[in-house]
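Structure first, commentary second.
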Amino acid sequence: IGTGFFITPDGKLLTNHHVVAACAGITVEQAAGGVVRGTILAADEARDLALLQAGGPAPATAKFGSTRPPGVGQLLVTVGYPNQGLAPVRPLITEGTAVGLGTRGEADSHYVISADVRHGNSGGPVLDQSGHVIGVVQAKVDTVKVYQKTKQLVDNIGIAIANQVVVSFLQQNHVVFQRAAANRAMTP
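Residue numbers (my numbering): 30 to 217.
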């Protein structure tokens, strides 16, 4: 189980490569209900991104915000279907902040977020305060391994793929997606 999100009205979705890499078949279960078959249109293992096509139109599509990584301390939201013991029925929205930039040896390609990221969040969008996509959730920091190596407890830390990498992947695959015109803060 992983997360993906619609990016075109005709049903194209974005997720992580590692979410679909070992799948013999793909189904897309929409938050409003209904399950359709999906196919992989493009996959990039190095960037850990995959473009899928659902067997039906999208109920709504995401808008993409800035391609600049968020600043340290910037508020953000993750949306996904994290593993909480049972397969989630509805998406879980988690607030967090950007806490670091340039992970995995590539400046500005990834950033660190402080949010409750769990298995199943992979492939979900990271949203700014206006509700625009600013990245894609990729991983959760392994708390146990970090503690074993550093004796420091780090919890609720995740890694996101920066929007400039995501947008580049979509452009290379000739996907026409919506960009945000202006930033307005989301209302609670």
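Glycine included, each C-beta is placed from N, C-alpha and C at the ideal position.
**Asked** Considering only the beta carbon of each residue, do isoleucine 36 and threonine 90 sit closer than 7 Å?
**Response** Along the sequence shown, one-based indexing puts residue 36 at 7. Along the sequence shown, one-based indexing puts residue 90 at 61. In this structure, threonine 90 lies closer than 7 Å to isoleucine 36 by Cβ.
**Asked** Which partner residues does proline 154 have in the DSSP bridge list?
**Response** Counting from one through the sequence shown, the residue named residue 154 turns up at place 125. Beta-bridge pairing links proline 154 to Val165.
**Item:** Coil, strand or helix - threonine 132 by DSSP
**Value:** As a working note, residue 132 is residue 103 in the sequence shown. Confidence at threonine 132 is low in this model, with a pLDDT of 48, below 50, so its placement is unreliable and no value can be given for it.
**Item:** Same chain only: Cβ atoms within 8 Å of lysine 174, ignoring 5 sequence neighbours per side
**Value:** As a working mapping, residue 174 is identified with position 145 in the sequence shown. Apart from the 5 residues on each side of it in sequence, lysine 174 has no Cβ closer than 8 Å to any other Cβ in its chain.
**Request:** May I ask which residues mark the beginning and end of the beta strand (DSSP E) holding valine 141?
**Result:** In the sequence shown, residue 141 corresponds to position 112, counting from 1. 139-143 is the extent of the beta strand (DSSP E) around valine 141.
**Request:** Can you give me the start and stop residues for the alpha helix (DSSP H) that glutamine 193 sits inside?
**Result:** As a position in the sequence shown, residue 193 is number 164, starting the count at 1. Residues 192-201.
**Message:** Could you compute how far the alpha carbon of leucine 121 sits from the alpha carbon of leucine 43?
**Reply:** Taking the first residue of the sequence shown as position 1, residue 121 is located at position 92. Taking the first residue of the sequence shown as position 1, residue 43 is located at position 14. C-alpha separation (whole angstroms): 18 Å.
**Message:** Residues in the same chain with beta-carbon distance under 7 Å from serine 143, minus the five sequence neighbours each way, listed in chain order, please.
**Reply:** For the purposes of this step, residue 143 is taken as residue 114 along the sequence shown, with counting starting at 1. Excluding residues up to 5 positions away in sequence, Gly125, Thr126, Val128, Asn185 and Ile186 lie with their Cβ nearer than 7 Å to the Cβ of serine 143 in the same chain.
**Request:** Going by CA-CA distance only, name the one from Val141, Val196 and Gly160 that's closest to valine 227.
**Result:** The structure shown does not extend to residue 227, since the chain spans only 30 to 217, so no value can be given for it.
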